[in-house]
Amino acid sequence: MHLVPFSKPMADDGPLAHLDALHRLARLLTRSTTDAEDLVQETYARALRAEDRFTPGSDRRAWLFRILRNAHLDARRREARSPIGPAAEEELSNRQDTAAADGFLRGDAELERLRRVVGEEIEAALRGLSEDARTVVMLDVEGLGEAEIAAVMGCPPGTVKSRLSRARAALRERLADYRP
Amino acid sequence: MDCATVRESLHDLRRGRLDAARATEIRLHLKGCLGCREEEAAEAALDHALAERLPRHAASPALRRRVEELWAKSGGAELSPRLRSHPPLRRLVAPTAVAALAILSTGLFVERQLRVRDDRLVRIADEAVTDHLRLLVSTHPYEIESGITHEVKPWFEGRLDFAPVVPGDQGELRLLGGAVGYVLDRKAAVMSYALRRHRVTLLAFPAGGLAFPAANRIAGGVPAVADERRGFRVVLWRAGDLAYALVSDVSAEDMERLGGELAPETQR
Chain Y
3 MHLVPFSKPM ADDGPLAHLD ALHRLARLLT RSTTDAEDLV QETYARALRA EDRFTPGSDR
63 RAWLFRILRN AHLDARRREA RSPIGPAAEE ELSNRQDTAA ADGFLRGDAE LERLRRVVGE
123 EIEAALRGLS EDARTVVMLD VEGLGEAEIA AVMGCPPGTV KSRLSRARAA LRERLADYRP
Chain S
161 MDCATVRESL HDLRRGRLDA ARATEIRLHL KGCLGCREEE AAEAALDHAL AERLPRHAAS
221 PALRRRVEEL WAKSGGAELS PRLRSHPPLR RLVAPTAVAA LAILSTGLFV ERQLRVRDDR
281 LVRIADEAVT DHLRLLVSTH PYEIESGITH EVKPWFEGRL DFAPVVPGDQ GELRLLGGAV
341 GYVLDRKAAV MSYALRRHRV TLLAFPAGGL AFPAANRIAG GVPAVADERR GFRVVLWRAG
401 DLAYALVSDV SAEDMERLGG ELAPETQR
């Protein structure tokens, strides 16, 4: 089964073409509609200031995601609301180990059960992950490849692969808590 | 190829990012390895949940206006973003070429919109047929088994955050019962009927956030969308904030008649 990305890749389709995709990630990062909208607006403000540095023909969507992520991290650093990084990574590793031991979400029965999980529950499960984990899952859902995600996250593609794998394992575990 | 190597590649396999030889090698391993097949099924289930259930919140009109205003203030509104990235090209574009481009763009936009509508129709119609099939194969298809509208409708109260219209018996159509189901990322009222020896399912669900396909016919005066999926006929229509989906394997004439009777009734 191929995942149909929320927003299909468009190399240079104009900034406003990616507004919805940016808004979706902002919602998951900020946990408030108002904060999400402010973050998206800040993203565009920064993008307009940096437009001269955008290389025509390169991936504008990945460029905008990177600006959004940096704007969010800057805001978080200013506010110092919650930890980002090693602690969350450790939490993910622990979850992965537990997940592997439990062997959850197996086979067709699990597909049918997950089919009944409603959107709000998936959003809640995503919000339970660390910011990096949420970001990497959402960028994958939006259709970005490993190299593009690596450019957004500022890390090597190999790191994206392992982060995505751990994040999905943690997500599977969290969704296993929901029963129809 | 060992299991660890295969599992590392499953994500790329599902995304279609492996070369043909590698993909074949992994598929061959999956055929002979139950553990890896289960892992693949679990990952595919998560893909399905993320693709089909995760709400796709669009930017609000207010946010869109704010960003457009921001863009306009910077001078970007007078140009298409693509041309803005290539100022020298803009100077070379003659007015006639601009007009031709506008006509071409409009055509492409319309084609793209039609394709999006088709995708939406496929998604909603597929979901409706799947729910109908679930009722057909289930040994306990109803959570409320009653042919009386005044028993089925109150049963939904407290189980749904909306109040569907529950049409009662009409001619040969008999109400059998109801249940709560799911359409895409939202709960749905599932009403089950019998028409002679055929089963008929009527789904009601909130329409908010769904890009509803364009109407291709009128059902009892109500704009509706008719489609056929996997051998079943599907008719969709809107009633205020709700959407209704009618599914059955009855004849085209029967389906048209049913849609013509039920669609107006749900507008109450």
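Which chain is which? The protein sequence lines are Y and S, in order. Counting from 1 along the first sequence, just add 2 to a position and that's the residue number in our numbering. Counting from 1 along the second sequence, just add 160 to a position and that's the residue number in our numbering. Yeah, the Cβ is synthetic: ideal placement off N, Cα and C, and Gly gets one too.
Contact under 8 Å by Cβ, residue i with residue j
i	j	result
A38 of chain Y	T32 of chain Y	yes
H358 of chain S	S408 of chain S	yes
L370 of chain S	L406 of chain S	no
A178 of chain Y	A135 of chain Y	no
A49 of chain Y	L66 of chain Y	yes
A152 of chain Y	L230 of chain S	no
V143 of chain Y	Y342 of chain S	no
W209 of chain S	D22 of chain Y	Here residue 209 of chain S is Ala; the residue named in the question, Trp, does not match the sequence. No. Outside cutoff.
R437 of chain S	R26 of chain Y	Beyond the ends of chain S as shown, which are 161 and 428, falls residue 437 of chain S; an answer cannot be given.
V227 of chain S	L18 of chain Y	yes
A64 of chain Y	E150 of chain Y	yes
A320 of chain S	L355 of chain S	Sequence inspection shows Leu at residue 320 of chain S; the Ala mentioned does not correspond to that position. Going by C-beta atoms, L320 of chain S is not nearer than 8 Å to L355 of chain S.
I124 of chain Y	L214 of chain S	yes
V139 of chain Y	L146 of chain Y	no
L131 of chain Y	A172 of chain Y	yes
R177 of chain S	A204 of chain S	no
E200 of chain S	L170 of chain S	yes
R79 of chain Y	V154 of chain Y	no
A436 of chain S	W397 of chain S	With chain S represented from 161 up to 428, any question about residue 436 of chain S goes unanswered, as that position is not in the structure.
V145 of chain S	G368 of chain S	As displayed, chain S neither begins before 161 nor continues past 428, which places residue 145 of chain S out of reach and without an answer.
S234 of chain S	L295 of chain S	no
M161 of chain S	E198 of chain S	no
R167 of chain S	C196 of chain S	yes
T137 of chain Y	R71 of chain Y	yes
Rounded Cβ spacing between residue i and residue j (contact assumed at less than 8 Å)
i	j	result
D401 of chain S	P366 of chain S	6 Å
R174 of chain Y	A202 of chain S	6 Å
H20 of chain Y	L41 of chain Y	Not really, about 14 Å apart at Cβ, beyond 8 Å.
TODO: Could you tell me which uninterrupted beta strand (DSSP E) segments, each at least 3 residues in length, are contained entirely in the stretch 131 to 179 of chain Y, listed from first to last along the chain?
DONE: none
TODO: Determine which residues of the stretch 37 to 48 of chain Y have a Cβ less than 8 Å from any Cβ of chain S, and write them out in chain order.
DONE: E39, V42, Q43, Y46, A47
Open item on the list: Contact between the stretch 380 to 399 of chain S and the stretch 326 to 343 of chain S is defined here as three or more beta-carbon pairs at a separation below 8 Å; is this criterion met?
Closed with: no
- [ ] Indicate whether the contact test is met: 3 or more Cβ pairs, each with one atom in the stretch 284 to 298 of chain S and one in the stretch 319 to 329 of chain S, closer than 8 Å.
- [x] no
Open item on the list: Any C-beta of chain Y within less than 8 Å: which residues of the stretch 207 to 218 of chain S qualify?
Closed with: D207, H208, A209, L210, A211, E212, R213, L214, P215, R216, H217, A218
- [ ] Enumerate, from N- to C-terminal direction, the unbroken beta strand (DSSP E) stretches of 3 or more residues contained entirely within the stretch 13 to 85 of chain Y.
- [x] none
Task: Selection of the stretch 345 to 374 of chain S by Cβ proximity to chain Y, strictly under 7 Å - done: D345, R346, K347
TODO: Give the residues from the stretch 69 to 81 of chain Y that approach chain S closer than 7 Å (Cβ to any Cβ), ordered along the chain.
DONE: none
Task: Cβ pair count under 8 Å reaching 3, the stretch 412 to 422 of chain S against the stretch 302 to 318 of chain S - done: no
Task: Under 8 Å (Cβ pairs) to chain Y, residues found in the stretch 220 to 233 of chain S - done: S220, A222, L223, R224, R226, V227, E228, L230, W231
TODO: For the stretch 382 to 397 of chain S and the stretch 415 to 424 of chain S, state whether three or more C-beta atom pairs, one from each stretch, are separated by less than 8 Å.
DONE: yes
Task: Residues in the stretch 155 to 175 of chain Y having any Cβ partner in chain S nearer than 8 Å - done: K163, L166, S167, R170, L173, R174
- [ ] Closer than 8 Å, Cβ to Cβ, to anything on chain Y: give me those residues from the stretch 165 to 196 of chain S, in chain order.
- [x] E168, H171, R174, R175, G176, R177
Task: Contacting positions in the stretch 123 to 141 of chain Y - beta carbon closer than 7 Å to chain S - done: I124, E125
- [ ] Could you run through the stretch 21 to 32 of chain Y and flag, in chain order, every residue whose CB is less than 7 Å away from some CB of chain S?
- [x] L21, D22, H25, R26, R29
Open item on the list: Quick check on the DSSP output: what are the complete beta strand (DSSP E) runs of length 3 or more inside the stretch 319 to 346 of chain S, in order along the chain?
Closed with: 333 to 343
Open item on the list: If the cut-off is 9 Å on Cβ atoms, which residues from the stretch 300 to 326 of chain S count as contacting chain Y, listed in chain order?
Closed with: none
TODO: Quick one: which unbroken alpha helix (DSSP H) runs of 4-plus residues sit fully inside the stretch 381 to 420 of chain S? Chain order, please.
DONE: none
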